[in-house]
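Put into C-alpha cells, the structure is as follows:
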C-alpha cells in the first residue's frame with residue numbers, strides 16, 4: 001500500500017491534539033521544552049490536510065551513549081486508522097533527515113515497549129530497560145546513529 005502523506009515542520013499547537021489522543025488518553029500532552037526554539041515538531045498530513053502522525057525532536061544528551069550532536073525523539077504518534085500504511089515510516093524517515101539537517105549524529109528515545117518492534121524495523125536498537133515511566137507505562141531506551149543517507153537527503157531547515 002502506498003502512503004500518501006507529506007511531513008512538515010509545524011508549531012506545537014498542531015501536534016498536541018493527536019499526541020493527547022494517542023499517547024495520553026485525551027489528557028494533557030504538553031512536555032517541558034515544547035516551546036524551546038531548538039525543538040522541532042513534525043506533522044504527517046494526508047492530502048486533505050488532516051494530521052495523521054506527529055513527532056517532536058530536540059537536542060538532548062543521550063543517557064546511554066556519548067555523541068557529538070545527539071537528538072531526542074519524543075511524542076511520536078500515529079492515528080490508529082492509518083497504522084500499518086507507512087505513515088510511521090515516512091515520519092521516522094523525516095525525523096532522521098531533520099536531525100541530520102541540523103548536524104545531529106545520533107537519535108535516541110524512550111520507546112513504549114509496545115512500539116519497540118516498529119523502531120527496531122527501522123534501525124533503532126534497544127540499549128536500556130525495560131523501565132517504567134510513571135503514569136505512562138513500560139519503556140525501553142533505543143537509539144541509532146543518523147545514517148549518511150539521511151544526512152544527504154536532509155531538507156534545508
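Numbering (UniProt numbering), first residue to last: 1 to 157. C-beta atoms are modelled at their ideal positions from N, C-alpha and C, and glycine is treated no differently. Predicted model, so just to flag it, every value in this text is computed and none were measured.
Assuming residue i and residue j form a contact by the criterion Cβ under 8 Å, report the distance between their Cβ atoms to the nearest whole angstrom.
{"i": "residue 34", "j": "residue 12", "result": "5 Å"}
{"i": "residue 75", "j": "residue 15", "result": "7 Å"}
{"i": "residue 138", "j": "residue 113", "result": "4 Å"}
{"i": "residue 99", "j": "residue 57", "result": "6 Å"}
{"i": "residue 32", "j": "residue 4", "result": "That belief does not hold up - the Cβ atoms of residue 32 and residue 4 are roughly 34 Å apart, past 8 Å."}
{"i": "residue 88", "j": "residue 53", "result": "6 Å"}
{"i": "residue 77", "j": "residue 18", "result": "5 Å"}
{"i": "residue 38", "j": "residue 59", "result": "5 Å"}
Helix, strand or coil: which one does DSSP assign to residue i?
{"i": "residue 21", "result": "helix"}
{"i": "residue 120", "result": "helix"}
{"i": "residue 52", "result": "strand"}
{"i": "residue 112", "result": "strand"}
{"i": "residue 146", "result": "coil"}
{"i": "residue 81", "result": "helix"}
{"i": "residue 14", "result": "helix"}
{"i": "residue 40", "result": "strand"}
{"i": "residue 141", "result": "strand"}
{"i": "residue 65", "result": "coil"}
Would you give the residue range spanned by the beta strand (DSSP E) that residue i belongs to?
{"i": "residue 10", "result": "6-10"}
{"i": "residue 74", "result": "70-78"}
{"i": "residue 125", "result": "125-133"}
Give the range of the alpha helix (DSSP H) segment to which residue i is assigned.
{"i": "residue 89", "result": "87-101"}
Nearer than 6 Å: is that true of the beta carbon of residue i relative to any heavy atom of the ligand COA?
{"i": "residue 105", "result": "The ligand content of the structure shown is nil, which means the ligand COA is not present either."}
Could you tell me which residues DSSP puts in a beta bridge with residue i?
{"i": "residue 104", "result": "Note: residue 104 sits in no beta bridge, so no partner."}
{"i": "residue 59", "result": "71"}
{"i": "residue 45", "result": "6, 51"}
> With contact counted as at least three CB pairs below 8 Å, one residue from each stretch, are the region 122-137 and the region 36-52 in contact?
Replying inline: no
>> Tell me whether the region 89-109 and the region 66-80 touch, counting them as touching only if at least three CB pairs, one residue from each stretch, are closer than 8 Å.
In response: yes
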